[in-house]
Every structure is written in structure tokens, then in C-alpha cells.
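Student:
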């Protein structure tokens, strides 16, 4: 499907409406937290938020994608590491730390957004 297909755009909007929290994405709804078999709640999942930035960029919403990417970069700790999750209410990183998935998402999104720009 082309990225500007109404079904693609509608899917992005539906995912944001269902899984969004303060501009970031959860990997599943809070009501479904028992699906992973782990006790406790679930917060936003950073790699899903990077995927959202990718989807926004692919559908021509590059400025919005860059703004989300900058917000995600701002979550890294003092040495640039990211965790698995982020609690936007408490303002803290949660879960596995450091999390390779989050860093892979960061690199892939950076390449998608800025890969064509000259270094320097």
C-alpha cells in the first residue's frame, strides 16, 4: 500500500488513539497488561514510539516525526542510554536497561530522518 493510502493514515491515527500516552506509544493497552504474564503495569515502550516516528515520516509528516524523535532523544540518560520503557507521568526510564531494541529504534529512525543529510 502506498504511504498516503487512507487505510495507512487511518491505522496510524487509530494506533495513536488506542496506545498513545503523552505522545509516546505503549505496546498494548493498559487493560491487556496480563498478556505478558508479568505482574505490574505497563508504560510506554520506546521502540514502539520510534516506529511511530518512522511511520509519520513515511507518510509525509516529517516535522512531526522529527519532533517525536527529539523528545525520544531527550529521554536518554547522561551517557546516552535508553531503557525499554518510559513513564511519561513519573518522568523516568523503566524496564530493562540498557535496552538494545530502543537503541536499534533510535538508529533506524535517525537514518530514516537524517540519512540523506551531509555529515558535518
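Numbering (the numbering used here), first residue to last: 1258 to 1377.
Glycine included, every Cβ here is placed at the ideal spot set by N, Cα and C.
1) Taking Cβ positions, are residue 1351 and residue 1300 nearer each other than 7 Å?
2) In whole angstroms, what is the alpha-carbon distance linking residue 1358 and residue 1284?
3) In chain order, what are the residue ranges of uninterrupted beta strand (DSSP E) at least 3 long that sit wholly in the stretch 1324–1367?
4) Quick one, are the C-beta atoms of residue 1368 and residue 1326 less than 7 Å apart?
5) Residue range of the alpha helix (DSSP H) that residue 1258 falls in?
6) Using a Cβ-Cβ cutoff of less than 6 Å, which residues in the same chain neighbour residue 1309 once the five nearest sequence positions on both sides are dropped?
7) What does the alpha-carbon distance come out to for the pair residue 1338 and residue 1328?
Tutor: Quick look at the numbers:
1) With respect to the 7 Å criterion, residue 1351 and residue 1300 are classified as neighbours on the basis of their beta carbons.
2) Cα to Cα, the separation comes out at about 13 Å.
3) Correct list: 1342–1344 and 1349–1351.
4) Cβ atoms of residue 1368 and residue 1326: not closer than 7 Å.
5) Where residue 1258 is concerned, there is no enclosing alpha helix (DSSP H), given that its DSSP letter is neither H nor E.
6) So the qualifying residues of the chain are 1282.
7) About 14 Å.
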